[in-house]
Every structure is written in C-alpha cells, then in structure tokens.
Amino acid sequence: MLSLFDPKTTFLILLSVQTLHLLHHRLVKRHISFAEVASSSLLCVPLSGPVPAPLLMTAHLAMAVVQVVGSVWIKRLSPDWQRT
9 MLSLFDPKTT
19 FLILLSVQTL
29 HLLHHRLVKR
39 HISFAEVASS
49 SLLCVPLSGP
59 VPAPLLMTAH
69 LAMAVVQVVG
79 SVWIKRLSPD
89 WQRT
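Note that our numbering has the sequence shown beginning at 9, numbered continuously upward.
The following block contains the structure:
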C-alpha cells in the first residue's frame, strides 16, 4: 500500500486532515490533546531528512487515522471548554 504514496503525498494528507481536525475542535469547542501536538511535531520533520521514507510515510498515515478517529469520537475523547 505504501508504494502508492511518497513522503510529499502523505505529508499533504496529514496536513489536510490535521487542519480539518483542528477546525473541528474549534467549531465544537473542545480542547486539543497530545495527539494534535504529536501530529504537528511530525509535520516539522523534514521530508528529505535522516528519517527513512517508509517510516515517515507510515507515521504520517497513522497520525492522519488518529486525527480522523479523534474527530469521529470527539465528544468522548476531548473535554468541553465549559467543563475546565
């Protein structure tokens, strides 16, 4: 499956999913968690750096899945702004 992608493509997938996920957090007034920080940090890793491309692509796709799951279950996983 990873042969269908390259690091630039998976980077853009994660960037797009992360952007929509953070917008979702804002619209439903929920706090962000460690997963959003981890995704943002992963986006700072250079695509042509010392990390092997397959590892980087796997990490991009895994964090994109985590963000999608987080959006689906946002009421269960993220505290409301009024409760804190």
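Note that beta-carbon positions come from the ideal geometry of N, C-alpha and C, so glycine has one too.
Values in this document were obtained by computation on a predicted structure and should not be read as measured data.
For the alpha helix (DSSP H) containing Arg38, list its first residue and its last residue.
Locating residue 38 in the sequence shown gives position 30, counting from the first residue. Under the DSSP assignment, Arg38 falls outside any alpha helix (DSSP H); it carries neither an H nor an E label.
Per DSSP, Asp88 forms a beta bridge with which residues?
Taking the sequence shown and counting its residues from 1, the one referred to as residue 88 is at position 80. DSSP lists Arg38 as partners of Asp88.
Helix, strand or coil for Ser56, going by three-state DSSP, please let me know.
The residue labelled residue 56 in the question sits at position 48 within the sequence shown. The answer is coil: DSSP assigns Ser56 none of H, G, I, E or B.
Using only the alpha-carbon positions, how far apart do Ser24 and Ala72 sit?
The sequence position of residue 24 within the sequence shown is 16, counting from 1. The sequence position of residue 72 within the sequence shown is 64, counting from 1. Cα atoms of Ser24 and Ala72: separation of roughly 9 Å, rounded to the nearest angstrom.
Count the other CB atoms, across all protein chains shown, that sit within 10 Å of the CB of Pro62; report buried if there are 16 or more and exposed otherwise.
Against the sequence shown, residue 62 aligns to sequence position 54. It counts as exposed.
Might you give, ordered along the chain, the residues of its own chain that have their beta carbon closer than 7 Å to the beta carbon of Val36, omitting 5 neighbours on each side?
On the sequence shown, position 28 is the one that residue 36 refers to. Hits under 7 Å: Ile82.
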